[in-house]
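Structure first, commentary second.
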Amino acid sequence: MAIEKIDTELCNGCGICVNSCSMDVIRMDKKNKKAVIQYPEDCMLCGWCVVDCPQNAIYVSPYKSSPLIVSWG
Amino acid sequence: MVKENVFETDVLVIGGGMSGLFAAIKAREQGVNVTLVDKGYAGKAGSSPYAFFFAVFNPSWGHRMDDWMKHVNTIGEYVNHREWTEILFKDSYDRYNDLLAYGVQVQKDEKGEIKISRFPGIDTESVQLEKRVFGQVIRKQAVKQGVKIFDRVMLLDLLKQDGRIAGAIGIAVDSYELYIFKAKATVMCSGCASYRPDGWPVSELTADGEVMAYQAGAEITGKEWNEMKSTSADYPAVTMGMSLWMKPPVDMPLDLGPPQVQVIKGFNVDGQELPGLAGSNFMELEFEAHAGRAPVFGSFEGEKGPRRVGGAATGLSVHGSDGIWPVDTRGTTQLPGLFAAGDACATMMCGAVYPGVGYGLTGAAVTGTRAGLAAVEYARNAGKAEVNTADLARLRAAILAPTERKGGFSPRWVTQVLRNTMIPYFITYIKKEDRMKAALTIIEFLRDHMVPKLYARDPHELRLAHETRNIVHTAESKMKASLFRTESRGTHYREDYPRRDDPNWLAWVTLKAENGEMKAYKKPVPKEWWPDLSRSYKERYPNPFPGE
């Protein structure tokens with residue numbers, strides 16, 4: 001759902017996508033110096049990370065499903 | 074121990090979209106210190122990156138102010154603030170020239186001439202900015218001018234000093250750090266309010282500035298109006314759906330080529346053609362759904378197009394028609410030291426319906442400029458900002474409280490419950506007293522029982538917790554204002570009051586905290602702005618509601 005993949009082979013660690021994401025879905029893995037999907041449930045499918053990535057390393061699916069509502073959470 | 078960062082500035086700008094960047098640049102040009110704070114990345118955040126039409130009024134392009142004003146007055150259904158509407162147009166050419174001077178590219182036609190767009194039924198025109206990129210170009214200009222920018226910091230509360238606003242306090246979105254900005258003047262440019270629906274990229278637009286100002290004692294207004302956005306029924310979460318009447322500039326999946334907007338036709342399941350741009354208040358999808366004739370199809374070039382559903386951006390009002398009530402045409406608010414611009418400022422430039430194309434972005438540049446300059450004037454006469462340590466201790470504790478709770482309710486779950494309450498078309502769009510009161514009961518329960526027990530397991534969730542508080546607040550304000558306005562007008566439609574009620578409701582609805590309660594008030598539209606009541610209802614209101 002929503003943002004699905006950041007290809008670690010292609011990612012060059014530039015960090016542009018972190019700033020492209022207003023929802024703070026993407027973070028930098030400081031150890032590996034690669035972008036990682038930290039909070040996929042907050043992706044709003046705006047697609048700017050895909051557009052801004054100079055390496056074409058990010059895939060965002062056109063589908064998003066919200067979790068089922070349970071009685072509390 | 075949470076790290077605390079304290080800064081001092083002359084002018085603090087909250088939000089880094091079109092209005093915030095303009096406010097910051099214009100203030101900085103006057104020689105004062107300017108700090109801009111955005112919870113995302115200034116120039117890429119907010120709703121500005123999704124817009125590209127920029128309305129420009131220019132007599133040498135053959136534009137006549139009377140025509141443009143008449144268009145907005147009529148389509149905005151006479152509750153637009155005419156001084157602001159006129160300013161929107163009058164200032165637009167100067168702001169357009171600013172953009173060109175900053176290096177923003179404008180779309181040109183095959184002959185190399187500036188491409189000027191006009192849509193059927195809309196008597197105003199706009200140019201098209203280079204999509205998305207313009208925000209980065211303007212950010213560069215702000216940095217070049219010496220504006221200090223803090224990205225990924227979310228401001229949560231306004232600081233007060235002897236009855237004036239003296240800055241703001243907030244958190245980093247990715248680390249446990251507090252930020253305190255002491256400012257001689259503050260400009261709120263934090264955008265509009267949504268219920269964080271999935272159908273449009275508005276999840277970050279959580280009424281932050283409106284709630285901050287309301288809690289500090291300001292009046293807010295315009296909460297009964299709606300922004301009517303539809304989306305694809307097949308890919309509802311994919312953005313850029315625009316209205317039923319325009320073919321999106323972006324087709325699935327995520328093809329962000331140059332903007333090409335095409336006006337299309339709409340049909341219901343019975344094959345009946347729906348009124349187009351002219352003759353529409355953009356609520357066709359909701360009216361058709363309520364009549365049992367959904368889904369609606371957008372038709373491209375005569376072919377039956379994809380199924381469309383409404384409510385994509387639920388919670389949003391018309392651009393510039395909700396938010397903080399300004400007391401003049403410079404974005405001055407009721408709170409000394411606080412100014413507002415862009416969608417955070419309820420200029421009412423548009424009124425009850427979004428009447429054109431490109432007003433949102435132009436309005437942001439125009440109001441940002443005015444509020445930025447007004448803030449400089451205030452800052453020059455204001456003393457150093459100081460904040461009482463007891464106040465700071467109280468705010469600090471309240472901000473961090475969700476991190477202290479071991480249990481309670483997660484922000485995502487409360488948000489989901491709120492969405493499910495508010496997004497159905499029969500609550501927010503086709504309104505009726507009994508249903509709104511039912512929704513309000515749920516909202517008040519969320520407000521009183523769940524918001525105080527939100528927990529956060531990390532800094533990201535702490536941001537979500539505060540955003541959740543804010544969207545619950547905006548839901549309450551929308552229901553209170555909608556219940557109070559006992560008529561239908563523009564994008565506010567009530568089944569139990571299905572017609573415009575002139576002259577009783579040639580008025581604005583404001584909301585204000587009174588002894589902890591949200592109270593609604595009526596502010597009359599000046600009589601000289603009323604429609605000619607001797608003209609027939611049909612002449613005054615060319616866009617009929619169902620049954621009219």
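Top line first, the protein sequences correspond to chains A and B. First residue of the first sequence? That's 1 in this note's numbering, and the numbers climb one at a time after it. First residue of the second sequence? That's 74 in this note's numbering, and the numbers climb one at a time after it. The beta-carbon is built from N, C-alpha and C at its ideal position, and this holds for glycine as well. Remember, it's a predicted structure, so these values are computed and weren't measured experimentally.
Item	Value
Residue 107(B), buried or exposed, once every other Cβ within 10 Å from all chains shown has been counted against 16	buried
Opening and closing residue of the alpha helix (DSSP H) in which residue 158(B) lies	155 to 175
Strand pairing of residue 244(B), partner residues [DSSP]	227(B), 251(B)
Test item: CB-CB of residue 285(B) and residue 383(B) under 8 Å	no
Partners in chain A for residue 493(B), counting only beta-carbon separations shorter than 8 Å	69
Beta carbon of residue 585(B) nearer than 8 Å to that of residue 292(B)	yes
Residue nearest to residue 447(B) in terms of C-alpha spacing, selected from 80(B), 75(B), 81(B), 98(B)	98(B)
Close beta carbons around residue 440(B), own chain, < 7 Å, minus the five adjacent residues each side	92, 404, 414, 415, 418, 420
Helix, strand or coil at residue 610(B) [DSSP, three-state]	helix
Residue 87(B) - containing beta strand (DSSP E), residue span	76 to 87
Residues bridged to residue 581(B) [DSSP beta-bridge criterion]	596(B)
Beta carbon proximity, residue 30(A) to chain B, threshold 8 Å	no
Distance, residue 147(B) Cα to residue 606(B) Cα	13 Å
Strand pairing of residue 198(B), partner residues [DSSP]	Per DSSP, none; premise fails for residue 198(B).
Within chain A, the residues that residue 114(B) reaches when beta carbons sit closer than 9 Å	18, 19, 20, 21, 22
Start-to-end residues for the beta strand (DSSP E) that takes in residue 28(A)	26 to 29
Selected residue, minimal CA-CA separation from residue 249(B), among 504(B), 593(B), 474(B)	474(B)
Where residue 126(B) falls: helix, strand or coil (DSSP)	strand
Per DSSP, the bridge partner or partners of residue 380(B)	370(B)
Beta-carbon neighbours of residue 118(B), restricted to chain A and to distances below 8 Å	22
Interface partners of residue 483(B) on chain A, CB under 7 Å	73
Partner residues on chain B for residue 64(A), Cβ-Cβ distance less than 7 Å	271, 310
Segments assigned beta strand (DSSP E), at least 3 residues, entirely inside the stretch 420 to 485 of chain B	none
Chain-order list of residues whose beta-carbon lies under 6 Å from that of residue 72(A) (same chain, five-residue window excluded)	none
Residue 307(B) versus residue 36(A) - alpha carbon distance	28 Å
Member of 105(B), 103(B), 427(B), 79(B) whose CA lies at the smallest distance from the CA of residue 564(B)	427(B)
Closer than 7 Å: residue 440(B) CB and nearest the ligand FMN heavy atom	What this structure holds is no ligand at all, so the ligand FMN is not there to describe.
Own chain residues within Cβ distance below 8 Å of residue 400(B), not counting five before or after	406, 407
Chain A contact for residue 533(B) (CB, 8 Å cutoff)	yes
Residue-chain proximity (residue 41(A), chain B), Cβ-Cβ < 8 Å	yes
Those residues which DSSP pairs with residue 565(B) across a bridge	562(B)
Alpha helix (DSSP H) segment containing residue 60(A), residue limits	No alpha helix (DSSP H) holds residue 60(A); the beta strand (DSSP E) holding it covers 58 to 60.
Best match in 583(B), 543(B), 618(B), 476(B) for proximity to residue 573(B) [C-alpha to C-alpha]	618(B)
Span separating the alpha-carbon of residue 203(B) from that of residue 151(B)	33 Å
Cβ pair residue 402(B), residue 157(B) closer than 8 Å	yes
Extent of the continuous alpha helix (DSSP H) to which residue 187(B) belongs	It is not in any alpha helix (DSSP H) - residue 187(B) carries neither H nor E in the DSSP assignment.
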